[in-house]
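Numbering-wise, our numbering puts 205 at position 58 of the sequence shown, and it's gapless, one number per residue.
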Amino acid sequence: MLAAERQALLLDRLARDGKIVAKELALELGLSDDSVRRDLRELAAAGLCQRVYGGALPVSPALAQYAERTLVQPDSKNRVAARAARLVTPGSTVILDGGTTTLAVVRALPADLVCTVITHSPTIAAALVPHTGIEVYLLGGRLFKHSAVTCGAAAVEAAQAVSADLFLLGVTGVHATMGLTTGDVEEAAMKRALAGRAADTYVLASAEKIGVASPYRVLPLSEIAGIVTDTADDHPTLAELRAGGVGILSARA
Numbered sequence: 148m149l150a151a152e153r154q155a156l157l158l159d160r161l162a163r164d165g166k167i168v169a170k171e172l173a174l175e176l177g178l179s180d181d182s183v184r185r186d187l188r189e190l191a192a193a194g195l196c197q198r199v200y201g202g203a204l205p206v207s208p209a210l211a212q213y214a215e216r217t218l219v220q221p222d223s224k225n226r227v228a229a230r231a232a233r234l235v236t237p238g239s240t241v242i243l244d245g246g247t248t249t250l251a252v253v254r255a256l257p258a259d260l261v262c263t264v265i266t267h268s269p270t271i272a273a274a275l276v277p278h279t280g281i282e283v284y285l286l287g288g289r290l291f292k293h294s295a296v297t298c299g300a301a302a303v304e305a306a307q308a309v310s311a312d313l314f315l316l317g318v319t320g321v322h323a324t325m326g327l328t329t330g331d332v333e334e335a336a337m338k339r340a341l342a343g344r345a346a347d348t349y350v351l352a353s354a355e356k357i358g359v360a361s362p363y364r365v366l367p368l369s370e371i372a373g374i375v376t377d378t379a380d381d382h383p384t385l386a387e388l389r390a391g392g393v394g395i396l397s398a399r400a
């Protein structure tokens, strides 16, 4: 079997099963483990899968640049945002992560809401300007342009000075085994720092983020209050998450 044929087969299996276990597939196809691993390395280098120990998982489409991500599943993000906005109560202090789903949350907030928002996203802060009842605190640091957020040592240090009732966390991957992941190591560190300053953390997960993985872990699933998603209830990843005790807030109509 030619390398291109093997790789096409690997991608088909990944799409069908949602994962590849290298040893099992090598045995089934009569291939060497090294051949399968080499193919997975090449597919990962091309951005077509996310390598993990022992195999591979689907890569998250949410790793695209910020402008491109605004075009990915906008209806799904709006549904998740509308459900998440209901978690923001009058008088509360909320940390809003950066990202396109969180920006949709801002748009879903009531115009007369009175609360305090802390964010490390200049985009989120600017979107909150018309909300006269919302006090906004913007955390400084190095601007990570891919996601339009601040991160790095200065931003993490600034996060240590705040506390909140709620953190609405954006990630690029939600997987029952790999947990919550994102595509940049410093951004992952900033998200962890913010989660550590909130009483409850809820993950915003539009449909394309469920069952996929990115390179850097943000948090284990045990450290969140729940996941807000509009993914179909019969999705296998949701079943695994529920079995592991993770709360799911459905954003489906």
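Just so it is clear, CB atoms sit at the ideal spot from N, CA and C, and this is done for glycine as well.
Nearest candidate by alpha-carbon position, reference residue i, set the options
i    : options                : result
A117 : M337, A336, K224       : No statement about residue 117 is possible, as the shown extent of the chain runs from 148 to 400 and does not include it.
E370 : P383, I271, G343, A390 : G343
V235 : D222, A305, T263, A162 : T263
V375 : K170, T248, V296, P237 : T248
P277 : A150, G246, P257       : P257
T266 : A251, D259, Y284       : Y284
L250 : R233, V261, T270, D259 : T270
L316 : E387, D331, A345, G299 : A345
R163 : H382, E304, A300       : H382
G373 : P362, A255, D347, D331 : D347
H322 : E175, Y363, L260       : Y363
Y200 : P221, E175, K170       : K170
C-alpha distance - residue i paired with residue j, whole-angstrom precision
i    : j    : result
E333 : R339 : 10 Å
G287 : A302 : 6 Å
F314 : V227 : 15 Å
S294 : L368 : 23 Å
I167 : V241 : 39 Å
R153 : D186 : 8 Å
L178 : P205 : 22 Å
C196 : T279 : 44 Å
R389 : T324 : 13 Å
L327 : A191 : 19 Å
D159 : A354 : 20 Å
A203 : V359 : 10 Å
L275 : V183 : 49 Å
F291 : L385 : 31 Å
A173 : D180 : 6 Å
E282 : V253 : 13 Å
Y349 : A193 : 32 Å
L341 : A306 : 6 Å
G246 : I357 : 16 Å
L157 : G165 : 11 Å
E387 : S207 : 19 Å
R230 : D312 : 17 Å
Where residue i sits in the DSSP three-state scheme
i    : result
V296 : strand
T350 : It should be pointed out that residue 350 corresponds to Val in this sequence rather than to Thr. If DSSP states are grouped into helix, strand and coil, V350 belongs with the strands.
I271 : helix
R364 : strand
D186 : helix
V303 : helix
V321 : strand
V309 : coil
A258 : coil
Residue i beta carbon near the ligand SAH (any heavy atom closer than 8 Å)
i    : result
A193 : For the structure depicted, the ligand SAH is absent and the ligand set is empty, with no information on it obtainable.
Extent of the continuous beta strand (DSSP E) to which residue i belongs
i    : result
E282 : 281-285
T376 : 373-376
T329 : 326-329
A379 : That residue, A379, is in no beta strand (DSSP E); it is neither H nor E in DSSP.
V199 : 197-199
Residue interval of the alpha helix (DSSP H) (run including residue i)
i    : result
S223 : 221-232
D164 : 150-164
A398 : Note, A398: premise wrong, no alpha helix (DSSP H); not H, not E.
Check: Would you call the segment 391-400 and the segment 241-250 touching, i.e. three or more CB-CB distances under 8 Å?
Finding: no
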